[in-house]
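Novice: I am attaching a structure below and will ask some questions about it afterwards.
Residue numbers (the UniProt record's numbering): 1 to 929.
Dropping the structure here:
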């Protein structure tokens with residue numbers, strides 16, 4: 001650079017820099033003076049265009065957490081108060097609707113588990129083995145005391161996944177409560193008394209010749225240290241004059257990390273002990289841990305050789321070998337078609353009954369000599385059969401006829417038939433002469449109920465013929481069972497330890513056969529059938545690589561759709577970038593404002609909530625064979641996604657692209673990046689952790705999505721008795737892979753700010769306690785106690801290990817903060833301690849992985865032999881061929897059933913379901929075993 005260029009640059013800087021003064025070694029005040037004439041017109045346009053591009057490429061949420069820097073305590077409380085009020089409203093609505101929609105909010109109270117068959121005569125007095133959960137009172141708040149007093153030890157019988165999730169919440173709440181007791185009395189007073197004082201810096205401001213352009217108060221408000229609000233009790237408030245007090249932060253951070261490792265080792269040890277205790281005891285074989293799936297059997301092995309191989313190593317180890325039929329795809333296809341045909345037949349037959357007896361022209365009146373049976377006769381019509389669950393609510397047979405309800409149901413039926421093209425059969429034109437002798441042409445819609453019924457009868461007959469053909473094919477497949485077997489087999493061992501031993505053995509010398517293509521503890525109801533077929537090693541590696549690439553793309557690239565959503569609120573920017581949308585600027589204010597505020601929020605919720613669906617799809621691409629394996633994989637990726645988008649994106653003001661660039665090009669600058677950004681976000685995350693816990697508490701109880709789906713969809717779509725009963729018995733289950741990460745991320749954020757802003761510690765403890773309370777209720781009363789994707793608690797150790805992300809960010813942030821405060825000795829010590837943390841992490845991970853995945857062979861001698869039970873692939877077996885039609889008082893269902901049953905040799909049943917006088921189908925229980 002020549003002397004002339006240097007002179008030009010210096011002259012330019014002199015013109016734009018008004019004044020500069022150093023407050024201390026790490027703080028300086030720079031006052032700039034911008035003049036429009038210094039920037040040419042071309043430069044203006046260049047800067048304007050680059051600014052628009054940066055705005056487009058930058059996420060609108062980037063660094064949004066820093067906007068709460070310096071908020072007052074009253075502002076913090078007002079924000080939390082809104083969430084508390086909303087939560088109270090949710091809880092109140094839940095308490096009111098709990099008894100009204102008990103099949104949504106407390107189905108486990110009304111469902112009975114059957115173990116013994118009940119005779120018809122005992123139906124009236126049947127109480128079964130008691131409800132799945134004890135009955136709750138009908139009072140508004142009668143659910144609170146039993147839920148609060150319930151110990152988490154009671155939840156072991158619901159599966160270790162559920163039990164250890166509650167234990168995770170309890171452990172985290174106690175962890176942060178103990179930390180708050182120790183850290184808050186030490187650090188908050190230090191933070192409060194270590195900030196800048198007005199008298200300490202007035203002498204610096206007086207040195208600057210600012211005239212009347214800026215006041216002392218304005219200058220104080222722009223200092224980089226929090227002097228007001230919650231920042232006075234955070235680490236941001238410590239002034240350079242009190243840097244020596246940062247030693248307390250170092251000591252407490254070291255103690256916190258040591259306590260974390262002590263808790264981690266204790267919980268991992270406890271998990272392994274509890275899991276092993278369950279596996280070595282006589283437990284229900286629903287966990288299927290004694291089953292080993294082999295996905296690519298060698299050509300040299302057949303069923304007999306596999307059994308001989310296992311018995312030669314461990315005599316008496318094999319209980320059963322079930323080969324996967326070679327035609328399993330065809331079996332599943334016909335089973336699926338038969339299920340669809342049964343649904344079509346039952347819906348069509350139901351329409352015929354309604355057309356004839358209820359909503360047609362010749363509807364039977366209430367004066368007919370047909371009435372409901374007595375209670376004794378009813379027990380014969382609706383016998384209680386043995387099946388998994390029975391809906392225990394008594395049927396009220398004394399319902400009075402309601403004309404409004406009947407008319408509404410009739411109108412709904414007619415509208416449905418109209419859209420189906422079955423009501424109106426033609427047009428009728430008429431010429432009518434009025435008083436002035438003027439002829440007018442009118443037309444009327446005509447319809448014939450008999451034609452409608454005939455058309456439905458023909459449709460039903462087509463379904464029945466196809467159904468009969470499929471039954472013949474299905475029976476033929478069953479007759480040839482066992483003739484051909486595929487290269488997959490399920491080995492059922494007499495002890496769980498035997499399955500774990502053979503899972504760790506190398507069964508073949510060829511890398512493409514039997515070596516790593518195994519799955520332990522596979523539940524036949526949890527199989528991902530599209531991945532059950534053997535896949536070559538090259539194809540499997542390719543699919544895994546594609547899946548991982550797509551997962552990373554979702555995590556990094558999700559900022560693009562989120563940013564696009566954010567631009568909905570930036571109409572002026574959009575109109576400048578896309579000229580064709582300039583008409584948006586002319587929108588009325590009452591349209592543009594709601595568009596700018598409501599649409600981004602709703603769309604952003606949709607984009608975030610839908611992410612686990614993508615991760616599950618990509619896990620299927622990865623060739624995972626069970627839902628349990630998919631959930632564990634989802635837990636890993638969803639945690640990474642949440643950590644990036646809930647923590648990093650809203651923390652780093654320059655956007656996620658800067659983080660990626662720093663990690664790749666200059667990882668040594670990561671502590672500086674975190675040190676300059678994290679402290680400014682402490683207020684946001686203090687409120688976020690509390691508000692998130694409160695919101696989850698109310699939302700988990702209200703289950704708004706399930707309620708809306710019932711009111712707006714299932715209530716009208718589920719028509720037949722089979723569909724209604726399946727809906728009642730289809731109790732939801734938690735998908736733990738997308739649930740554990742939410743609270744692992746909240747715990748990691750709380751660890752990061754435990755020393756920077758210790759006020760977050762009691763808030764996190766309070767939040768986890770409230771969330772645990774809501775899950776104690778939902779797991780006991782709302783959600784199914786049996787989860788086919790049970791992993792025996794494998795989510796728990798993975799969730800604990802994910803907390804290391806919070807520990808690492810805490811250490812990196814402290815390194816950067818100590819360096820910014822010129823406390824390089826503290827930075828060096830923390831850096832060395834971080835190396836020890838990484839070493840401990842790897843050692844704990846390598847030590848615990850084998851004992852988490854497998855059962856030690858030393859426990860096999862004390863293990864109880866599992867009770868013998870046939871391992872069955874129910875998804876490949878034939879289903880019941882019975883057609884279930886509700887009983888109606890006119891006897892049409894019985895007549896129709898007898899007609900079709902004699903013609904097509906199939907059974908029609910009418911038990912445990914009837915149509916009441918209002919046209920509503922009432923279901924008591926399953927009509928057959």
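Where is the CB? At the ideal position from N, CA and C, for every residue including glycine. Note that this is a predicted model, so its numbers are computed, not measured.
Taking Cβ to Cβ, would you say residue 496 is nearer than 8 Å to residue 855?
Specialist: yes
Novice: Take residue 829 and list the residues in its own chain whose beta-carbon comes closer than 7 Å to its own, dropping the five residues that flank it on each side.
Specialist: Excluding sequence neighbours, residue 829 sits near 250.
Novice: Tell me, which residues are paired with residue 291 by DSSP?
Specialist: 492
Novice: Let's see if you can read the secondary structure: which residues bound the alpha helix (DSSP H) around residue 705?
Specialist: 704-709
Novice: Does DSSP classify residue 753 as helix, strand or coil?
Specialist: coil
Novice: My understanding is that residue 815 touches residue 671, with C-beta atoms under 8 Å, so please give their C-beta distance in whole angstroms.
Specialist: Yes, residue 815 and residue 671 are in contact; Cβ-Cβ is about 4 Å, under 8 Å.
Novice: Can we say the region 689-699 touches the region 228-247, given the rule of at least three CB pairs closer than 8 Å?
Specialist: no
Novice: Quick check on DSSP: helix, strand or coil for residue 868?
Specialist: It is coil, neither helix nor strand.
Novice: Can at least three beta-carbon pairs, one atom from the region 744-764 and one from the region 906-915, be found at a separation below 8 Å?
Specialist: Segment contact: the region 744-764 against the region 906-915, fewer than three CB-CB distances shorter than 8 Å; contact not assigned.
Novice: How would you label residue 117, buried or exposed, when you count the other beta carbons within 10 angstroms and need 16 or more for buried?
Specialist: With a pLDDT of 35 at residue 117, under the threshold of 50, the predicted position of this residue should be treated as unreliable, though the coordinate-derived value follows. Counting Cβ neighbours within 10 Å, residue 117 comes out exposed, since fewer than 16 surround it.
Novice: Residues in the same chain with beta-carbon distance under 8 Å from residue 166, minus the five sequence neighbours each way, listed in chain order, please.
Specialist: 152, 155, 772, 775, 776, 779, listed in sequence order.
Novice: Pick out whichever of 876, 103, 320, 922 has its Cα sitting closest to the Cα of residue 720.
Specialist: Comparing C-alpha distances from residue 720 to each of 876, 103, 320, 922 shows the shortest one belongs to 922.
Novice: With 16 as the cutoff for other CB atoms within 10 Å, does residue 741 come out buried or exposed?
Specialist: When all chains shown are included, residue 741 counts as buried.
Novice: Counting only the same chain and skipping the five closest in sequence on each side, list residues whose C-beta sits under 8 Å from that of residue 140.
Specialist: 95, 96
Novice: Quick check on the DSSP output: the alpha helix (DSSP H) that includes residue 630 runs from which residue to which?
Specialist: 627-642
Novice: How about residue 102 and residue 109: do their beta carbons lie closer than 8 Å?
Specialist: yes
Novice: For the pair the region 460-474 and the region 261-270, tell me if three or more CB-CB distances fall below 8 Å.
Specialist: Remark: fewer than three beta-carbon pairs, one from each stretch, lie closer than 8 Å, so the region 460-474 and the region 261-270 are not flagged as touching.
Novice: Quick one, which of 181, 145, 536, 549 has its alpha-carbon nearest residue 760's?
Specialist: 181
Novice: Leaving out the 5 sequence neighbours to the left and right, which residues in its chain are closer than 6 Å to residue 523 when beta-carbon positions are compared?
Specialist: 288, 788
Novice: Counting pairs of beta carbons, one from the region 539-556 and one from the region 318-332, are three or more of them closer than 8 Å?
Specialist: Touching, no, given that fewer than three Cβ pairs across the two stretches are closer than 8 Å.
Novice: For the beta strand (DSSP E) holding residue 718, just list the boundary residues, first then last.
Specialist: Counting along the chain, residue 718 falls outside any beta strand (DSSP E), and DSSP gives it neither H nor E.
Novice: I'd like the list of long-range same chain contacts for residue 827, defined as Cβ closer than 7 Å, with 5 residues on each side in sequence excluded.
Specialist: Excluding five sequence positions before and after residue 827, the CB atoms of its chain that fall closer than 7 Å to its own CB belong to 815, 818, 819, given in chain order.
Novice: Taking the beta strand (DSSP E) that residue 923 falls in, what are its first and last residues?
Specialist: First-last of the beta strand (DSSP E) with residue 923: 921-923.
Novice: Taking the alpha-carbon of residue 822 as reference, which of 241, 478, 149, 157 has the nearest alpha-carbon?
Specialist: 241
Novice: Can you find the residues in the same chain that come closer than 7 Å, C-beta to C-beta, to residue 799, ignoring five residues on each side of it along the sequence?
Specialist: 168, 740, 744
Novice: Rounding to the nearest angstrom, what Cα-Cα distance links residue 354 and residue 782 in this structure?
Specialist: 34 Å
Novice: If you compare alpha carbons, which of 620, 493, 926, 631 is closest to residue 793?
Specialist: 631
Novice: Indicate whether residue 689 and residue 763 have their beta-carbon atoms separated by less than 8 Å.
Specialist: It is a contact, given that the beta carbons lie within the stated cut-off.
Novice: When you compare each of 546, 345, 487 to residue 298 by their alpha carbons, which one comes out closest?
Specialist: 487
Novice: Nearest by alpha-carbon distance to residue 275: which of 332, 791, 616, 173 is it?
Specialist: For residue 275, the nearest C-alpha among the options comes from 791.
Novice: In or out: residue 916 buried (at least 16 other Cβ within 10 Å) or exposed?
Specialist: buried
Novice: When the Cα of residue 559 is compared with those of 641, 468, 722, which residue comes out closest?
Specialist: 641
Novice: Name, in chain order, the residues that DSSP records as bridge partners for residue 323.
Specialist: 489
Novice: Where DSSP assigns a beta bridge to residue 913, which residues make up the other side?
Specialist: Per DSSP, 923.
Novice: Does the ligand FMN have a heavy atom nearer than 7 Å to the CB of residue 188?
Specialist: As for the ligand FMN, it is missing from this structure, which has no ligand bound.
Novice: Mind checking who residue 318 pairs with in its DSSP beta bridge?
Specialist: Answer is 493.
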